[in-house]
Amino acid sequence: MGHIKWVYRAGFLVIILLIVGAIVVSQNVSASNVGPAHPTPTGNLSSTQVGYPDGVPSIKVHTISSGKSSAIPNYADTSMAPAFTEQDVRAFLLRDDTNFYAGPLVPGAHLKILTIKFVTAQQASVLMGGESVDRPDNYLVCYVRVQGPFQTTRLHLMSTTQPTKQPEVGDVVYDGHTGNMLLWGYIKR
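Number 113 in the UniProt record's numbering belongs to position 113 of the sequence shown; there are no gaps in the numbering.
Take a look at the structure:
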């Protein structure tokens, strides 16, 4: 008889624990649906630490002393120095005509680099007519404008019609700390 009382008590205890556990889990689930707002990253944080996409590895980086550098043309004062130079960008883009991601140059054309600027993500967004760079406004990026014309071999359009003209000018943005390409596009004329 004592054994049966123990089984009933153990069963009752298990039921109570299951009910309490279900209540705790449902409270956590409903609380997680609301969740805290995402904090705005500040400082020199890795993009992977704050939930931003890494981008595509592109420009090899090297360390430059922190703070504003007068040795780097077009450097925006963001209290962080870029990890590569304008010359690194030029070398990367001019090494191979396929390094501009829209597609290679049309046969016989030569890539012309129109602009290389180290700016904040917000400034790059303005230069691209409001296109998001997917970084905090004060994050250091490298904005580049190039001239082709380009074949659009890597461009996938939503419609079945291809553009009648090959794009002449394109933009690309690199992460100022990693050298990774964050986005690219061309300008319709």
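Where a beta carbon is used, it is the ideal one built from N, C-alpha and C, also for glycine.
Under the three-state DSSP convention, the category residue i falls into
i: V172; result: strand
i: Q147; result: strand
i: F118; result: strand
i: residue 215; result: Residue coverage of the chain in this structure runs from 1 to 189, which leaves residue 215 outside it and unanswerable.
i: residue 223; result: An answer regarding residue 223 cannot be provided, because it is not within the stretch 1 to 189 covered by the chain.
i: L93; result: helix
Integer-rounded CB distance, given that residue j should sit under 8 Å from residue i
i: A124; j: P136; result: Wrong, their Cβ atoms sit about 12 Å apart, outside the cutoff.
i: V146; j: K112; result: 7 Å
Residue nearest to residue i in terms of C-alpha spacing, selected from the options
i: F100; options: V169, V126, G129, I15; result: V169
i: Y139; options: M80, D171, L93; result: M80
i: F92; options: K60, G108, P82, A83; result: K60
i: I187; options: N180, G176, V173, P167; result: P167
i: D171; options: D134, T153, T115; result: T115
i: G129; options: H177, G108, K165, G185; result: G185
i: E131; options: V173, H62, P53, Q87; result: V173
i: Y143; options: T153, D134, K165, V119; result: V119
i: G51; options: Q87, D134, L94, V126; result: D134
C-beta contact flag for residue i and residue j at 8 Å
i: V106; j: F150; result: yes
i: L182; j: G55; result: yes
i: V141; j: D175; result: yes
i: S58; j: G179; result: yes
i: L110; j: A83; result: Sequence check: residue 110 is His here, not Leu. Not a contact, by the Cβ cut-off of 8 Å.
Interface flag, residue i vs chain C, CB-CB below 8 Å
i: T152; result: Looking at the structure shown, chain C is missing, and only one protein chain is on hand.
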